[in-house]
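So the mapping is simple: the working numbering equals the position in the sequence shown, first residue as 1, plus 81. The beta-carbon is built from N, C-alpha and C at its ideal position, and this holds for glycine as well. Bear in mind the structure is a predicted one, so any value in this text is a computation, not a measurement. Heads up, the thing below is written out as structure tokens.
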Amino acid sequence: MFALLATGFFSCEKQEVDFGGSALTDDPNIVAIDTISVNAYTTQVDSFSTVNSGYFIAGNHYDSTVGKLQATAYFDFTIPYDSAQMLNGCTSCYFDSLVLVTQFSGGFYGDTTAPFTLNVNQLTQLISDNNTFGYNVTSRNYTTEPLGSFTATVSPGRQNTIRIKLSDDLGKDLYNKIQRNSDTITDNDVFLKYIKGFCLTGASNNNTVYYMKPTGDSSLVLLYYHKNAPLPVNYTVKLPLNTEHQFNGFTTDHSGTNLSVFTAKKTQTLESSKTGGYVYMEANHGLCPKFNFPSLYALKEINNYVNIVSATLEIYPLKGSYGLQSFYSLPDTINLSILNEYDETSGYLYYSGTSTLQTGNLYIDYLYGENTKYTYDITSFVNAVLKAGTSSTYYLYMQPESTASNSNEQRLILHALNNGSFKLKLNVLGL
């Protein structure tokens, strides 16, 4: 059996709540109910952190259901002190090239059948300006002319390495500064004024967003040179990625969709009737569903001592919103947290006796698509809600696992009218 790991979050006095349960039996007093109504909402958050995720997200995509997304990956570097020592003062060394190296992580969002262009642009503004960076709504100014570009048709799921040759002018200038041991490459603050950072952007005609990550040693930009001694020997100066300044910025536009009723960059919660009868999860847009079960309290009107022996929540994604009929796949895992009436997190749903969050146990009906669903045991939550009574309001909030949303798009559409995507199955003792 699953249980909720929480202490007193339904009590004003912070006392411990007992979330024990009973096993199902053939007791004739147990009644099965599956007609509990669900009130569903979509919550939009004004901002969320994307700093130091370990992934670069770049590209553009138009989703006719959710809207437009433009993703830009920002990052800067620390001084290349260690790997630059051999080049200092070397008179028999010669510049070869400056290259950005990264790797597709396998995550993507959109049409992967068309060629994808990735641009590397140089920042004209420090990432650390005003110490306000690292959020989805953060952006930094950059040059319109790319330092280098990459174009290819990228196979979905492949983790291919990308090598983008950057401007020789920048490469030679950096090489010369390292060779003469300029303070530009010995003082980190001076270095950041010289190279404020780079960003990865998708071409405007792209309709895909890709997820990338640093290769092995996290050196994103490499300066190649050789030394004649007397035969040529190749060497590399590595610009270490500053992970504390790495973040992804997103620009969204919900025009022409059910989500256009939301105000941009504002935290809001809207009931499903205002969003076309649907609720939405789209991680990079800052959208997540939440819901509750107001008709549960009617059970206590029948018998104040009613006990929920088991409560299983099944959530069915909107058919046609994922899979072969679309550009999109379902999130493999989705967590449920518990919110109070002030949208404060009061707890989470865990597997019984563990500190592991429930993830929905996604089942995909590959044959017909009718029975694709996420399943959660919410017995403890339902009993705790009934115990708290009508004076308190609690919601279940669906959100992707943080590691999953960093590495791949998390998109889910649910039909909220007449409980379309929701089915709560109760086994009740005491009716």
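message: Can you tell me whether residue 281 is helix, strand or coil according to DSSP?
response: strand
query: With distances taken between CB atoms, is the gap from residue 359 to residue 306 smaller than 8 Å?
result: no
query: Along the chain, which unbroken stretches of the beta strand (DSSP E) at least 3 residues long are found entirely within the stretch 365-399?
result: 368-373, 388-396
query: According to the neighbour-count rule (16 or more other Cβ atoms, all chains shown, within 10 Å of its Cβ), is residue 458 buried or exposed?
result: buried
message: Less than 8 Å between C-beta atoms, sequence neighbours within five positions excluded: which residues of the same chain meet that for residue 262?
response: 169, 170
task: Can you check the stretch 445-479 for any alpha helix (DSSP H) of at least 4 residues that lies completely inside it and give the ranges in chain order?
output: 460-469
message: Measuring straight from C-alpha to C-alpha, what distance separates residue 437 and residue 481?
response: 14 Å
- prompt: Is DSSP giving residue 308 helix, strand or coil here?
  reply: strand
task: Check the C-beta distance from residue 152 over to residue 140 and give it rounded, since I have them as a contact under 8 Å.
output: 6 Å
- prompt: Tell me the DSSP bridge mates of residue 209?
  reply: Answer is none; residue 209 lacks a bridge partner.
- request: Out of 385, 494, 379, 285, point me to the one whose CA is closest to residue 196's CA.
  value: 285
field: Selection from 467, 343, 172, 219 that minimises the alpha carbon distance to residue 385
entry: 467
message: So, with DSSP's three-state summary, where would you put residue 201?
response: strand
query: Does DSSP put residue 105 in a helix, a strand or coil?
result: Residue confidence is low: residue 105 scores 46 on pLDDT, short of 50, so the model does not pin down where it sits. Its coordinate-derived value is still stated next. Correct three-state label for residue 105: coil.
Contact set for residue 132: own chain, Cβ-Cβ below 6 Å, skip 5 residues either direction: 215, 328
task: Please decide whether residue 462 counts as near chain C, where near means a Cβ-Cβ distance under 8 Å.
output: In the structure shown, chain C does not exist; there is a single protein chain.
query: Run through DSSP, which three-state label would residue 142 get?
result: strand
- prompt: Looking at the structure shown, is residue 273 part of a helix, part of a strand, or coil, going by DSSP?
  reply: helix
message: Applying the 10 Å Cβ sphere with the 16-neighbour rule, what's the burial state of residue 102?
response: In this prediction, residue 102 has a pLDDT of 37, which is less than 50 and means its spatial position is unreliable; nothing more can be read from the coordinates.
message: Excluding the 5 residues flanking residue 444 on each side, which residues of the same chain have their C-beta closer than 6 Å to its C-beta?
response: 454
field: When 448, 173, 181, 354 are compared against residue 314, the one with the closest alpha-carbon
entry: 173
task: List the whole-angstrom C-beta distance separating residue 456 from residue 395, where the pair is believed to meet the contact cut-off of C-beta under 8 Å.
output: 5 Å
query: Can you tell me whether DSSP reads residue 421 as helix, strand or coil?
result: strand
query: Going by C-alpha distance, which of 130, 127, 495, 157 is nearest residue 323?
result: 157
query: Between residue 104 and residue 432, what straight-line distance do the alpha-carbon atoms span, to the nearest angstrom?
result: Only weak support exists for where residue 104 lies, its pLDDT of 42 falling under 50; the value from the coordinates is given anyway. Using only the alpha carbons, I get a separation of about 16 Å.
query: Which residues in the same chain as residue 504 place their Cβ atom closer than 7 Å to its Cβ, once the five residues preceding and following it in sequence are excluded?
result: 115, 395
- request: Would you grab the beta carbon distance between residue 485 and residue 414 for me? Rounded to a whole angstrom, and I think it's under 8 Å.
  value: 6 Å
Rounded separation between residue 177 and residue 259 - CA only: 14 Å
query: Less than 8 Å separating the beta-carbons of residue 135 and residue 388?
result: no
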